[in-house]
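Visitor: Those sequence lines, one after another, are chains A and B.
The first sequence begins at 3 in the numbering used here and counts up one residue at a time.
The second sequence begins at 26 in the numbering used here and counts up one residue at a time.
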Amino acid sequence: MPANRFNNFTDYGIGIGLRSTHYHHILTRKPVVDWFEIISENFMVDGGRPLHILDRILEQYRVVQHGVSMYFGSAERANREHLRRLKDLVKRTKTPWVSDHLCWGSVDGRYTHDLLPMPYTFEAAKLTAQKVREVRDFLEVPIAVENVSSYAEFHVSEMSEWEFLNEVVERADCGILLDVNNIYVSSQNHSFDPLTYVNSVPAERVAQIHIAGHSKYRKYILDTHDHPVIDPVWRLYSRAIERVGHTATLLEWDDSIPSFQQVHDEALKANKFLASAALARAV
Amino acid sequence: MSLLSLQRRMARAVMTPLTPNERMRPLAPDGRPMRRVAAGFIKPNDRLTSFERLEIYNRQYWFRILSGFAEDFPGVRAILGDRRFDALSKAYLKQCPSRSFTLRNLGSRLESWLHTHPRWAGARQKLVVDMARLEWADIEAFDGKAEPTLKPEDLASVDPGRLRLRLQPYIQLLDLRYPVDDLLLAVRAGAPEDSQDSSNAFNERHKRKRVAAAARLRPSNIFLAVHRVDYSVYFRRLDPEEFAILRRLRQGKSLNQAMDAGFRGSKIPRDRRAADLSQWFHNWAALGWFCRPEKRAAKS
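#1: Would you kindly report the start and end of the unbroken beta strand (DSSP E) that includes A/Val246?
#2: Go through its chain and collect everything with a Cβ distance to A/Glu39's Cβ below 6 Å, but skip five positions before and after it.
#3: Taking C-beta pairs closer than 9 Å, name the residues in chain B that A/Pro196 reaches, listed in chain order.
#4: Nearest to B/Pro265 by alpha carbon, out of B/Tyr256, B/Leu73, B/Gly290?
#5: Along the chain, where does the beta strand (DSSP E) that runs through A/His216 open and close?
#6: By Cβ distance, which residues of its chain are closer than 8 Å to B/Gly147, with the 5 residues on each side in sequence left out?
#7: For A/Asp102, count the other beta carbons within 10 Å of its own beta carbon; 16 or more makes it buried, fewer makes it exposed. Which is it?
#8: So is A/Ala205 in contact with chain B if we call contact Cβ pairs under 8 Å?
#9: Relative to the C-alpha of A/Glu160, which residue among A/Ile185, A/Ala126, A/Tyr73 is closest?
#10: Residues in its own chain within less than 6 Å of B/Gln150 by CB, not counting five upstream and five downstream?
#11: List, in order along the chain, the chain B residues whose C-beta lies closer than 7 Å to that of A/Gly215?
#12: With 8 Å set as the bound, which would you pick, yes or no: does the beta-carbon of B/Asp55 sit closer than that to a beta-carbon of chain A?
#13: Rounded to the nearest angstrom, what separates B/Ser220 and B/Ala103 at their Cα positions?
#14: Using DSSP with H/G/I as helix, E/B as strand and the rest coil, what is B/Leu28?
#15: Does the region 230–246 of chain A touch the region 176–191 of chain A, meaning 3 or more C-beta pairs lie closer than 8 Å?
#16: If you check the beta carbons only, do A/Lys128 and A/Arg173 fall under 8 Å apart?
#17: Just to make sure I have the definition right: I need the residues of chain A whose C-beta is within less than 8 Å of the C-beta of B/Leu175. Which are they?
#18: Counting only the same chain and skipping the five closest in sequence on each side, list residues whose C-beta sits under 6 Å from that of A/Ala272.
#19: So A/Lys221 contacts chain B; which residues on that side make the cut at Cβ distance below 8 Å?
#20: Can you list, in chain order, the residues of its chain whose CB lies under 8 Å from that of B/Trp138, leaving out five sequence neighbours each side?
#21: Measuring CB to CB, does B/Ser114 end up less than 8 Å from B/Leu128?
#22: Is there a Cβ from chain A that is less than 8 Å from the Cβ of B/Leu198?
#23: B/Lys25 versus chain A: which residues are under 8 Å apart at the beta carbon?
#24: According to a CB-to-CB cut-off of less than 7 Å, which residues of the region 150–182 of chain A neighbour chain B?
#25: Let me know if B/Glu47 comes out buried or exposed under the rule of 16 or more other beta-carbons within 10 Å of its beta-carbon.
#26: Sorted by chain position, which residues of the same chain lie with C-beta nearer than 7 Å to B/Pro58's C-beta, five sequence neighbours on each side aside?
#27: What runs of the beta strand (DSSP E), each 3 residues or longer, lie entirely inside the region 92–127 of chain A?
#28: What in chain B is Cβ-close to A/Arg112, meaning under 9 Å?
#29: So what does B/Ser257 bridge to, in DSSP terms?
#30: Sorted by chain position, which residues of the same chain lie with C-beta nearer than 8 Å to A/Ala5's C-beta, five sequence neighbours on each side aside?
#31: Between the C-alpha atoms of B/Leu192 and B/Phe315, what's the straight-line distance to the nearest angstrom?
#32: Report buried or exposed for A/Thr23, applying the criterion of at least 16 other Cβ atoms within 10 angstroms of its Cβ.
#33: Kindly say whether B/Lys170, judged by its beta-carbon, lies nearer than 8 Å to any beta-carbon of chain A.
#34: Quick check on DSSP: helix, strand or coil for B/Ala181?
#35: With which residues is A/His68 paired in a DSSP beta bridge?
#36: Near A/Arg245, what residues of its chain come up, given a Cβ to Cβ distance below 6 Å and the 5 sequence neighbours on each side ignored?
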């Protein structure tokens with residue numbers, strides 16, 4: 003399943019997140035990278051250096067947009083200014099799909115700039131799916147929603163997180179950005195089996211996969227994107243690939259960022275799992 | 026509980042300021058115990074109470090916005106020192122939470138807030154306001170819009186007397202009571218590349234130096250253009266007349282109107298004005314400060 007309608011029938015391989023600390027290396031050394039993921043909000047500006055750098059990157063590389071503040075799950079309507087700027091960027095990057103998180107983060111026009119967890123209710127699923135549809139219709143590109151790491155659960159929840167994800171994507175008819183690190187983090191924080199989650203996701207909707215590192219504290223795990231990927235997360239990735247097939251995979255590293263080469267080498271470890279999944283499918 | 030009421034309840038708790046030792050407050054803004062508030066909508070687990078789970082988000086919120094705000098206003102921080110800056114940041118962000126999808130705009134209301142809340146800036150309120158204006162202008166100039174630059178042929182068919190020159194949108198014009206441009210450049214020049222790699226002794230020495238430099242700064246009216254060259258932001262000092270002309274052009278006045286206003290009350294001798302004007306226009310054009318005229322829709 004190398005391509006599907008949720009990633010616009012592309013067959014992207016392993017990418018890494020574009021971060022400012024690596025700009026110089028990328029623009030001067032021009033390393034071979036299959037694709038870069040950008041944080042949309044960093045480039046939703048009117049001009050100047052951010053767009054200049056982006057244009058230079060676009061001359062050489064394929065770019066996919068990943069957002070952090072669309073807040074599909076916020077009860078309020080999507081911000082029109084946000085949508086307009088996002089659409090301008092979509093036209094600029096020609097991103098094959100756009101992803102953002104299955105979470106909320108703003109209410110009454112006030113932004114927390116965090117990825118806050120959803121109450122897993124049918125009401126929330128319905129409202130969230132409706133917003134995903136509105137955003138997709140406005141942007142005119144496929145949308146993939148990403149499962150987030152969470153540290154809290156709500157009394158009002160009526161289903162498990164994976165049931166909620168499935169409910170939203172079926173109602174919205176959208177794709178999934180499956181973050182296997184987030185599944186691991188949440189499974190440790192909420193005591194569920196992460197494999198149950200991975201096995202429950204509709205494979206045909208997975209447009210992209212995220213891998214990342216995290217930080218372990220005494221009573222919980224925090225999704226910090228500042229470490230290499232740990233073995234249990236690689237095992238989840240392996241199982242996801244086994245189910246989904248060769249899928250666009252991206253390593254996130256956002257804090258204590260090492261050299262470009264170290265980040266890229268960490269991302270390329272995914273090749274081992276992609277190859278064995280391909281072999282398993284062939285026999 | 027509806028989705029909206031749950032989100033309002035959680036956002037209120039998450040955006041409540043932390044205690045001095047960076048923990049969640051025991052009481053909610055309405056006076057109810059926060060433990061009861063948290064237990065009302067968040068499940069505990071075998072390791073964390075509802076309060077502790079909510080506290081993770083409360084702390085993340087404040088750490089994130091305080092760190093973003095501090096990155097944007099190192100000059101204000103240099104003037105106030107770390108303790109006062111921390112107090113100002115918390116007071117400002119409590120009263121002016123983000124209303125934008127991007128953290129870039131976190132400081133957009135700082136100048137106006139400082140005018141109405143002078144006590145947070147202390148005795149040097151005017152200096153702090155000037156620095157806040159400069160640092161916000163720096164953000165605006167960094168990623169503001171640039172339009173195609175004016176070319177000589179664009180002026181060929183225009184009556185010079187009625188000419189309306191447009192300034193590049195990214196250019197910010199500031200009249201300031203203190204030479205804060207020098208101070209901000211000094212703060213940036215002294216800032217360690219990566220504070221994690223610097224010794225505590227270096228950081229302390231640097232902190233003392235920048236506070237001392239701020240304390241020495243005396244009032245001196247300056248006029249500034251915050252602009253870009255090759256995608257980097259620069260500060261350019263302007264003569265008062267030069268500033269007045271540019272400001273009128275920004276307001277959409279004709280070239281004649283701008284020049285009249287620029288030299289009104291000027292101490293520049295009349296016989297020198299043409300030469301000065303010529304030099305200023307030469308500089309502005311060389312820096313690409315003028316945009317091409319807007320194309321008007323053809324009349325049908």
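Ideal placement from N, C-alpha and C gives every residue a C-beta, glycine not left out.
Guide: Taking the structure as given:
#1: The residue labelled residue 246 of chain A in the question sits at position 244 within the first sequence. Per DSSP, A/Val246 is not a residue of any beta strand (DSSP E); the alpha helix (DSSP H) it occupies stretches across 233–246.
#2: Locating residue 39 of chain A in the first sequence gives position 37, where the first residue counts as 1. Answer for A/Glu39: Gly17, Gly19, Val66, His68, Leu252, listed in chain order.
#3: As a position in the first sequence, residue 196 of chain A is number 194, starting the count at 1. Listed along the chain, the chain B residues whose CB falls inside 9 Å of the CB of A/Pro196 amount to none; the nearest CB is some 16 Å away.
#4: The sequence position of residue 265 of chain B within the second sequence is 240, counting from 1. When each option's Cα is compared against that of B/Pro265, the closest is B/Gly290.
#5: Position 214 of the first sequence, counting from 1, holds the residue named residue 216 of chain A. First-last for A/His216: undefined, no H or E at that position.
#6: Along the second sequence, one-based indexing puts residue 147 of chain B at 122. Leu105, Arg109, Val153.
#7: Working through the first sequence from its first residue, we reach residue 102 of chain A at position 100. Answer is buried; the Cβ neighbour count reaches 16.
#8: Within the first sequence, numbered from 1, the residue matching residue 205 of chain A stands at position 203. Chain B, which has no Cβ nearer than 8 Å to the Cβ of A/Ala205, makes this no.
#9: For the purposes of this step, residue 160 of chain A is identified with residue 158 of the first sequence, where counting begins at 1. Distance from the Cα of A/Glu160 is smallest, within the candidate group A/Ile185, A/Ala126, A/Tyr73, for A/Ala126.
#10: In the second sequence, counting from the first residue as 1, residue 150 of chain B sits at position 125. By the criterion of a C-beta distance shorter than 6 Å, B/Gln150 is surrounded in its chain by Pro143, once the five residues flanking it on both sides are discounted.
#11: In the first sequence, counting from the first residue as 1, residue 215 of chain A sits at position 213. Per Cβ cutoff of 7 Å: no residues; A/Gly215 is ~18 Å from chain B at best.
#12: To locate residue 55 of chain B, count along the second sequence from 1; it is residue 30. Output row for B/Asp55: interface = no.
#13: Residue mapping note: residue 220 of chain B aligns to position 195 of the second sequence, counting from 1. Residue mapping note: residue 103 of chain B aligns to position 78 of the second sequence, counting from 1. Because B/Ser220 sits at a pLDDT of 46, beneath the cut-off of 50, its placement in the model cannot be relied upon, and the point is left open.
#14: Here the question's residue 28 of chain B lines up with position 3 in the second sequence. B/Leu28 carries a helical assignment under DSSP once its states are collapsed to helix, strand and coil.
#15: Between the region 176–191 of chain A and the region 230–246 of chain A, the count of C-beta pairs closer than 8 Å reaches three or more; the two stretches touch.
#16: In the first sequence, residue 128 of chain A corresponds to position 126, counting from 1. In the first sequence, residue 173 of chain A corresponds to position 171, counting from 1. Cβ distance < 8 Å, so A/Lys128 and A/Arg173 count as in contact.
#17: On the second sequence, position 150 is the one that residue 175 of chain B refers to. Here the premise fails: no neighbours, minimum Cβ distance about 17 Å.
#18: Along the first sequence, one-based indexing puts residue 272 of chain A at 270. Closer than 6 Å at Cβ, skipping near neighbours: Ile16, Thr251.
#19: Within the first sequence, numbered from 1, the residue matching residue 221 of chain A stands at position 219. Listed along the chain, the chain B residues whose CB falls inside 8 Å of the CB of A/Lys221 are Arg72, Leu73, Glu77.
#20: Here residue 138 of chain B corresponds to residue number 113 of the second sequence, with the count starting at 1. The answer, listed in chain order, is Tyr117, Gln120, Cys121.
#21: Taking the first residue of the second sequence as position 1, residue 114 of chain B is located at position 89. Taking the first residue of the second sequence as position 1, residue 128 of chain B is located at position 103. One thing to note: B/Ser114 has its Cβ no nearer than 8 Å to the Cβ of B/Leu128.
#22: Within the second sequence, the letter at position 173 stands for residue 198 of chain B. Chain A, which has no Cβ nearer than 8 Å to the Cβ of B/Leu198, makes this no.
#23: Coverage of chain B is limited to positions 26 through 325, which leaves residue 25 of chain B absent and any answer about it impossible.
#24: Using a CB distance below 7 Å, the part of the region 150–182 of chain A facing chain B consists of Tyr153, Ala154, Glu155, Phe156, His157, Val158, ordered along the chain.
#25: The residue given as residue 47 of chain B occupies position 22 in the second sequence. Exposed is the call here.
#26: Here the question's residue 58 of chain B lines up with position 33 in the second sequence. For B/Pro58, where only same-chain residues beyond five positions count, the Cβ hits under 7 Å are Pro51, Leu52.
#27: Whole beta strand (DSSP E) segments, 3+ residues: 100–103, 106–109, 112–118.
#28: Against the first sequence, residue 112 of chain A aligns to sequence position 110. Within chain B, the residues near A/Arg112 are Ala36, Met40, Pro122, Ser123, Arg124.
#29: In the second sequence, residue 257 of chain B corresponds to position 232, counting from 1. Paired residue(s): B/Val254.
#30: Locating residue 5 of chain A in the first sequence gives position 3, counting from the first residue. Within the same chain, Phe11, Thr12, Asp13 come within 8 Å of A/Ala5 by CB-CB distance, once the 5 residues on both sides are set aside.
#31: If you number the second sequence from 1, residue 192 of chain B lands on position 167. If you number the second sequence from 1, residue 315 of chain B lands on position 290. The straight-line gap from Cα to Cα measures roughly 5 Å.
#32: As a working note, residue 23 of chain A is residue 21 in the first sequence. By the neighbour-count rule (16 or more Cβ atoms within 10 Å), A/Thr23 is not buried but exposed.
#33: Within the second sequence, numbered from 1, the residue matching residue 170 of chain B stands at position 145. B/Lys170 counts as touching chain A.
#34: Counted from its first residue, the second sequence places residue 181 of chain B at position 156. Coil at B/Ala181, not helix or strand.
#35: Reading the first sequence from its first residue, position 66 is the one you call residue 68 of chain A. Its beta-bridge partners are A/Ile41, A/Ser101.
#36: Along the first sequence, read from residue 1 onward, the residue named residue 245 of chain A stands at position 243. Exclusion of the five residues before and after A/Arg245 leaves Ala205 as the residues of its chain whose Cβ lies within less than 6 Å of its Cβ.
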